[in-house]
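First comes the structure, then the notes that go with it.
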Amino acid sequence: MYRHLSCGQIVWTGSKRILKLCRNVLSLKNLFALFLISLFLVCINNMILGGKFTLSTYLRKSNILAVMVVDEHSKTSVTRDKGATIPAQKCVLPKLEVNDTEMKKFYSPQAPVKCPAVEIDWVYVDNGTLKFNPEVTKTSQNRPVTCNVYPLVRKPGDDTVEWGAKIPNVKDGWRLSSDFFKVECLRPSKFPRSYVDIHIGVAPNAAVEKRFSETKPPANGLSGLSLLVLGFDSMSRMSWIRRMRKTRDYFIDTLNGIEMEGYNIMGDGTPAALFPMLTGKHETEMHEARRKFKGAKPVDDFPWIWKDFEKAGYLTSWADSEVYMAPFNLRLLGFQNPPTDYFMRPYYLGVELLRKMKRYRPYCRGSTPIHKIWLNWPRDLYYMYGNKPKFMFHFYATLSHQDNNELMKADQDLMLFIQDLEKRGYLNQTILVIMGDHGARFAKFRASVSGKLEERLPYLAFRFPPWFERKYPKLMSNFKLNTKRLVTALDVHETFKDVIRFDGAGVGNLNERGISLFKEIPVERDCSHANISNHWCGCLNWDSLPVDDDKVLAAANTAIEFINNLTSEYRPLCAELNLEAVTLASRVMPNKDMLKFKQSSDFDGRVAEFTENADNATVLYQVTFSTEPGHGQFEVTVTYSPITEEMAVVEKEISRINEYGSAPACIMDKNRQLRQYCYCKGHKS
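Okay, here's the thing in structure tokens:
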């Protein structure tokens, strides 16, 4: 909380602490008071001498009772004992830009979906009952609308459904006996006279109700919290920020959601993201399930985490929006039996069955956008079962798989869906997770280094109820600290497990490939620890360089030229700086395997295809150097493009790392923003 205090603020704070200390010498707070007093004296000295002072520099150099490390992004503080070393984070995450020039080429704004009112639904589902639309059913009382219902029946296996026996002449308020069903209606007057469509709802489930009554969530879990996971195909972290602005603004600014900036994929495609998250294993670590492979079996007996939640007394649901491109069905045999209490795949199979007799407009099912149908189902599960414990994992690919711009069509509705859950109090007992499986994967996007990195860094964010941090402060402290650490789907799996069987906080074990996000992920963690192969690793590599390397000298001189341009307006006052010496140099860039990766050469995404061209990646040079006159010391990050052979620097990447004292006195009343760069002509050191 004190990191950004000015010296004036610290002097005032220190003065008050000195007075308090004099009044109460034996106070238990004296250790912290002594810390502030030492800071006070340093600031007085510093203000007199005119040097540059930062609290972080002081903390790093001072031998005091404790060192406070502040993660600016997570706003989390950790205190380490005297003498403890604070290692640099092994995985250096790339600084990706929202307005990246290369990525702008792929951005195309999309308007919300508006389905035609002429295709208004004659009936709709409301909390487990079928309702007749009064605008449609207004006819002569002597000849009312008649409707028949045909439940959708799932056949064994994951690819076949059929219409069940007719339930004739259902009335307004009919209680659902099936989650999915076809409705056929006739009316004696008005045009059109007939209606047919498939509908979806939440039918009461006796097995779920029995489970709720007989099994209570484990006492060693996290307060019986529900888990709602909303996954979206092909959405990188940066793509979500660019495209889903309404949802993200509400999620972050209003709900105080937390984004995991170092979330890294573990392989190619959606299954490579979902299997580790939902089973704790990679596809290759489980029995053969690929279509047309010898000995292949459906995926029912994989160690799905929803089985653990079911045993813990939870309702379970799995929903995917695709029929042919579904993650467990495109290459794999899918499920022989329904895997969860509520399972959405039969609905989409029923839509395909109905296509033989009904044509749908793009993005719509009748008068309802298709993405709203997907969103309405988890909403209806809340309406039916309230805050009883649920594990719901719902994945949406229809809009964003081919072009993630298309997901913008659902931005407003997704925000409203989350708002509705919040207003009704459901999110007060729910951990809400929003995630992408990977970034965009089409060839043109992958051709740029930014695109390669974005593919590897999908979106992942969590939102906890407001009371959660008060009840579990250490868990949330670790969680926030991990926002800048290397995170994988295996870590998310361990986090899910903690919801029903909490395993303790503390620091995670580097020898375990999955670490719960409620534990602190060690800063030493790299892709090898996290079970990520090199060509999927988004971490940057730092290499030390000789201080006389040509590129290093060029980077230093580029930075000095930039500094001189800043002071050029005041050249009669400020001396032109020249390179005195380079004292330290390093280079950072993505690893070669990631740069060379082109695509997976097999249908299963298990065999990587590489190109020899890995020389067009932007390189960052971090150079520490001194200038003359005045012996100013600077640390600067310079960007180098191998394609244009140009170097560039921005002011925010320049740090003055030694005191400048009174050297800029001549400019202080003219432009004090340049004080760290200006060495006044005629100044005597």
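Sequential numbering of the sequence shown, starting at 85, is according to our numbering. For every residue, glycine included, the Cβ atom is placed at its ideal position computed from N, Cα and C. Keep in mind that this is a model prediction, so the values were computed, not measured.
Ala-747 and Lys-564 have their C-alpha atoms spaced approximately 41 Å apart. If you look at Phe-296, you'll find it isn't in any beta strand (DSSP E); it sits in the alpha helix (DSSP H) that goes 290-298. Gln-173 sits in coil when the DSSP states are folded into three classes, being neither helix nor strand. Assignment of alpha helix (DSSP H) within the stretch 376-441, counting only whole runs of 4 or more residues, yields 389-395, 429-438 in chain order.
Judged by beta-carbon spacing, Lys-456 lies beyond the 8 Å limit of Leu-465, meaning their Cβ atoms are not closer than that value. Annotation: Asp-281 to Asp-256 spans about 17 Å, alpha carbon to alpha carbon.
The beta strand (DSSP E) runs lying completely inside the stretch 290-350 and spanning 3 residues or more are 310-316, given in chain order. With contacts defined as CB atoms closer than 8 Å, Gly-450 and Asp-205 qualify as a contacting pair.
For the pair Glu-539 and Glu-394, the Cα-to-Cα distance works out to about 33 Å. For Gly-716, the uninterrupted beta strand (DSSP E) run begins and ends at 716-725, by DSSP. As the crow flies, the alpha-carbon of Tyr-432 is around 11 Å from that of Ile-454. With fewer than 16 other beta carbons inside 10 angstroms of its own, Ala-732 counts as exposed.
Sorting Gln-760, Glu-660, Phe-548 by C-alpha distance to the C-alpha of Ser-739 places Gln-760 at the top. Contact check between the stretch 582-600 and the stretch 495-507: fewer than three CB pairs, one atom from each, fall below 8 Å, which does not count as touching. In the three-state DSSP reduction, His-485 falls in the coil class, being neither helix nor strand. For Val-703, the three-state secondary structure derived from DSSP is strand. In the displayed model, Arg-445 falls within coil according to three-state DSSP, outside both helix and strand. Between the beta-carbon of Pro-288 and that of Ala-396 there is about 21 Å, and that puts the pair past the 8 Å contact cut.
With a contact defined as Cβ atoms closer than 8 Å, Asn-649 and Glu-660 miss out at about 10 Å. One thing to note: Met-322 has its Cβ within 8 Å of the Cβ of Met-187. Listed in chain order, the beta strand (DSSP E) runs fully inside the stretch 198-228 are 207-210, 213-216, counting runs of at least 3 residues.
Non-local C-beta neighbours of Trp-258 in its own chain, meaning closer than 6 Å and more than five positions away in sequence, comprise Leu-214, ordered along the chain.
Cβ-Cβ distances below 6 Å link Glu-664 to Ser-710, Thr-711, Glu-712 in the same chain, with the five nearest sequence neighbours on each side left out; the list follows chain order. Asn-615 has no beta-bridge partner at all, per DSSP.
The alpha carbon of Arg-326 has as its nearest neighbour, out of Asn-488, Ile-644, Met-370, Gly-315, the alpha carbon of Asn-488. A contact is defined here as three or more CB-CB pairs under 8 Å, and the stretch 416-433 meets this definition with respect to the stretch 240-251.
Per DSSP, the continuous alpha helix (DSSP H) segment holding Phe-563 begins and ends at 557-565. A Cβ-Cβ contact shorter than 8 Å links Ala-589 with Asn-562.
A Cβ-Cβ distance of about 5 Å is found for the pair His-577 and Met-361, placing them in contact under the 8 Å criterion. In the DSSP assignment, Asn-625 falls within the unbroken beta strand (DSSP E) covering 624-628.
Secondary structure of Met-492 (DSSP, three-state): helix. Secondary structure at Thr-363: helix, using DSSP grouped into helix, strand and coil. Using a 10 angstroms sphere on the CB of Tyr-347, the tally of other CB atoms reaches 16 or more, which defines it as buried.
DSSP, read as helix, strand or coil, puts Leu-650 in helix. Per DSSP, Ser-532 lies in no beta strand (DSSP E) and is assigned neither H nor E. If you ignore the 5 residues before and after Thr-667, its C-beta comes within less than 6 Å of the C-beta of Thr-708, all in its own chain and listed in chain order.
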